[in-house]
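Structure first, then comments.
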Amino acid sequence: MSKQKQEVEWVDENNERVDGRKVDELRETKMEVGVLEEADGSAMVEVGNTRVIASVFGPQDLHPAHLQESDRAVIKMRYNMAPFSVDDRMQPGPNRRAKEIGLVAKRALEPALELEQFPTAGIDISMEVIESDGGTRATGITAASLALADAGMPMKGLVSSCAAGVVGDHVVLDVNGKEDKEGNADIPIATINGGGDVSLLQMDGDLTQEQVEECVALAKEGCADLHEQQREALLRTYGGEE
Amino acid sequence: MKLNTDTIKEMAEDGERLDGRDLDEYREVKVEQDYIPTTAQGSAKVSIGDTQVIVGISFDVESPYPDRPNSGTIVTNAELAPMADREFESGPPQEAGVELARVVDRGIRESEAIDLEALCIEEGEKVYTAFIDVHILNNDGNLLDASALGAIAALRDGYVPAYDEEEDELDHDKVGMDKIPMNKVPVTATGRKIGDTIVWDTDREEEEALGARLTVTVTEEDQVVAMQKGGRETMTEEDISQVIEGAKKQTKKFRNLLGE
Numbered sequence: 010m011s012k013q014k015q016e017v018e019w020v021d022e023n024n025e026r027v028d029g030r031k032v033d034e035l036r037e038t039k040m041e042v043g044v045l046e047e048a049d050g051s052a053m054v055e056v057g058n059t060r061v062i063a064s065v066f067g068p069q070d071l072h073p074a075h076l077q078e079s080d081r082a083v084i085k086m087r088y089n090m091a092p093f094s095v096d097d098r099m100q101p102g103p104n105r106r107a108k109e110i111g112l113v114a115k116r117a118l119e120p121a122l123e124l125e126q127f128p129t130a131g132i133d134i135s136m137e138v139i140e141s142d143g144g145t146r147a148t149g150i151t152a153a154s155l156a157l158a159d160a161g162m163p164m165k166g167l168v169s170s171c172a173a174g175v176v177g178d179h180v181v182l183d184v185n186g187k188e189d190k191e192g193n194a195d196i197p198i199a200t201i202n203g204g205g206d207v208s209l210l211q212m213d214g215d216l217t218q219e220q221v222e223e224c225v226a227l228a229k230e231g232c233a234d235l236h237e238q239q240r241e242a243l244l245r246t247y248g249g250e251e
Numbered sequence: 067m068k069l070n071t072d073t074i075k076e077m078a079e080d081g082e083r084l085d086g087r088d089l090d091e092y093r094e095v096k097v098e099q100d101y102i103p104t105t106a107q108g109s110a111k112v113s114i115g116d117t118q119v120i121v122g123i124s125f126d127v128e129s130p131y132p133d134r135p136n137s138g139t140i141v142t143n144a145e146l147a148p149m150a151d152r153e154f155e156s157g158p159p160q161e162a163g164v165e166l167a168r169v170v171d172r173g174i175r176e177s178e179a180i181d182l183e184a185l186c187i188e189e190g191e192k193v194y195t196a197f198i199d200v201h202i203l204n205n206d207g208n209l210l211d212a213s214a215l216g217a218i219a220a221l222r223d224g225y226v227p228a229y230d231e232e233e234d235e236l237d238h239d240k241v242g243m244d245k246i247p248m249n250k251v252p253v254t255a256t257g258r259k260i261g262d263t264i265v266w267d268t269d270r271e272e273e274e275a276l277g278a279r280l281t282v283t284v285t286e287e288d289q290v291v292a293m294q295k296g297g298r299e300t301m302t303e304e305d306i307s308q309v310i311e312g313a314k315k316q317t318k319k320f321r322n323l324l325g326e
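Chains as they are written, first to last, in the numbering used here: chain A, 10 to 251; chain B, 67 to 326.
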């Protein structure tokens, strides 16, 4: 890229970010459960301009048998970006980034699932990014957790995921595509039931320990907010008492 | 469920279907253009009953083919996402995905739907490539009609981003042409022969009972521009004529949805 790095005013005098949000504000988020018919469970989550559809098949028979675990279900996780989900078309097919995201997303969800109730079974989860503006893995994890709930998978809790990052000198919640590309750092985390158990953490950037701690604390708040929205989305579909 | 195969065949002979539709009756068809507003350069979501397909258009700048130095190019790709169907596998496109992409591509290419010469930037050097990416989200049958309709709806929704000569790349923040240059509107319908009866818009269950299918793409002038026969069984001349005749009728309804 030959583009010169421009000085961006990441947070202006009104405490507003490039897209008008406050530093501790999530993007507008929409969640819908049960968007697909064939899958056992599904959900679509939109965070700003980022949209991910997640699906679950299973728990079901797992083949070939050597992949089975005798004491728990095994998750197969797919993360995929549709070619039209980015400005410069993405070559179809899984690349190394997608594989790694599939792995960390699986690890983010596992601690919340009662996998030991389904020895030797397999659970197929996929996350299809159909439009991206930063935060696709976090949005995918949030959607996958809803899809698991929609599939009736026994769970210890819902998993919610979002990132906090540093742009300029500001710690901000839920970095968008521009903030992610041009900012200093991005730390996606996932928590279980909106609490303190962190099941995903990645970071790239250049930060002090204090900044890292501030990001994690802020992202945790964001996850708690998302958790509430996940609960509401499930209640909208399945009803029941608060 | 294969269980219903015999029932489906018997009912078709009597002009009936499991879900109560007429033999030539489509499920509800919905077209939502501009479904991917920020990253695609044209998009549509099409649903036919529970079948859901998203098509996104992207552009890139490439060298033209040496034998057509002043023509842009088209690339069509289809992803049968594993979420769409328990039977779909992850990985490179399998036969079904490749066939789907090629049938969609053929209708657009052979009708010269896109004015490829208008996509030439510099003869022999640089032309636009239009990528048509079909993404199947949910398979409840008739993927061919849904995908082809999605492709033409997305193309008609699209624009061509500006080419920045200095940077030698596309400038996604600027519009080069506010519409994708189009000549024709090819629309596709598939007739399926179950037993001795032609059935339209088969769902997933009916497709398991399917003997043979014939996919026909026609233009607004009812010119036939592409066909594909599929399925294990054979068709007669009469079947073929009947499907072409039916396709002309069925595609008229699709054209209304496209706002023609």
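Beta carbons: idealized from backbone N, C-alpha and C, even for Gly.
Look at Thr104 (chain B): its C-beta is under 7 Å from a C-beta on chain A. The Cβ atoms of Ala144 (chain B) and Ala167 (chain B) lie closer than 7 Å to each other.
Beta-bridge annotation (DSSP): Phe125 (chain B) is paired with B:Ala196. Closest in alpha carbon position to Asp213 (chain A), among A:Val207, A:Gly204 and A:Cys224, is A:Cys224. By the neighbour-count definition (other C-beta atoms within 10 Å, threshold 16), Tyr194 (chain B) is a buried residue.
Between Ser208 (chain A) and Ala117 (chain A) the beta-carbon gap is near 5 Å, inside 8 Å, which marks them as a contact.
Listed in chain order, the positions of the segment 131-151 of chain B with a beta carbon within less than 7 Å of a beta carbon of chain A are Asn143, Glu145, Ala147, Pro148, Met149, Ala150 and Asp151.
Interface criterion not met: the Cβ of Asn104 (chain A) is under 7 Å from no Cβ in chain B. Among the CB atoms of chain B, one or more fall inside 7 Å of the CB of Val95 (chain A). Residue-level contact check: Asn58 (chain A) touches chain B, since one or more beta carbons of chain B fall below 7 Å from its beta carbon. Here the C-alpha atom of Ala107 (chain A) lies approximately 31 Å from the C-alpha atom of Val20 (chain A). In its chain, beyond the 5 residues on either side, Gly174, Val175, Gly214 and Leu216 have a beta carbon closer than 6 Å to the beta carbon of Ala194 (chain A). Ser156 (chain B) belongs to the set of residues whose beta carbon lies under 7 Å from a beta carbon in chain A. Distance from the CA atom of Asp90 (chain B) to the CA atom of Gln289 (chain B), rounded to whole angstroms, is 21 Å. Excluding the 5 residues flanking it on each side, Met90 (chain A) has same chain C-beta neighbours closer than 6 Å at Met99 and Val138, in chain order. The three-state secondary structure of Pro148 (chain B), taken from DSSP, is helix. DSSP lists A:Val65 as the beta-bridge partner residues of Gly50 (chain A).
Contact annotation: Gly248 (chain A) and Asp159 (chain A) have beta-carbon atoms that are not nearer than 7 Å.
Where Leu324 (chain B) is concerned, there is no enclosing beta strand (DSSP E), because DSSP gives it neither an H nor an E. Between the alpha carbons of Leu203 (chain B) and Gln218 (chain A) lies a distance of about 43 Å. With a 10 Å radius around the Cβ and a threshold of 16 neighbouring Cβ atoms, His72 (chain A) comes out exposed. In this structure, Phe93 (chain A) and Ser124 (chain B) form a Cβ contact; the two beta carbons are roughly 5 Å apart against a cut-off of 8 Å. Residue burial annotation: Gln126 (chain A) is exposed, with fewer than 16 other C-beta atoms found within 10 angstroms of its C-beta. Using a Cβ distance threshold of 7 Å, Val170 (chain B) and Ser213 (chain B) count as a contacting pair. Taking all protein chains in view, the Cβ of Arg105 (chain A) is surrounded by fewer than 16 other Cβ atoms within 10 Å, so the residue is classified as exposed. The beta carbon of Glu237 (chain A) sits closer than 8 Å to those of Gly203, all from its chain and outside the five residues before and after it, given in chain order. The straight-line gap separating the alpha-carbon atoms of Lys165 (chain A) and Lys111 (chain B) is approximately 35 Å. Within the same chain, Val291 and Ala292 come within 6 Å of Glu176 (chain B) by CB-CB distance, once the 5 residues on both sides are set aside. In the DSSP assignment, the residues bridged to Glu137 (chain A) are A:Ile62 and A:Asn89.
For Asp88 (chain B), no Cβ of chain A is located within less than 7 Å of the residue's own Cβ. Proximity of chain A to Ser113 (chain B) at the Cβ level (cut-off 9 Å) is not reached, the minimal Cβ distance being about 10 Å.
Contact of Gly122 (chain B) with chain A by beta-carbon distance below 7 Å involves Ala91, Pro92 and Phe93. Neighbours of Asp116 (chain B) in chain A, taken as residues whose beta carbon is under 7 Å from its own, are Glu46 in chain order. By the neighbour-count criterion, in which 16 or more other beta carbons inside 10 Å mark a residue as buried, Tyr101 (chain B) falls on the buried side. Residue range Thr145 to Asp159 is occupied by the alpha helix (DSSP H) that includes Gly149 (chain A), with no beta strand (DSSP E) assigned at that position. With respect to the 7 Å criterion, Ser113 (chain B) and Lys96 (chain B) are classified as neighbours on the basis of their beta carbons.
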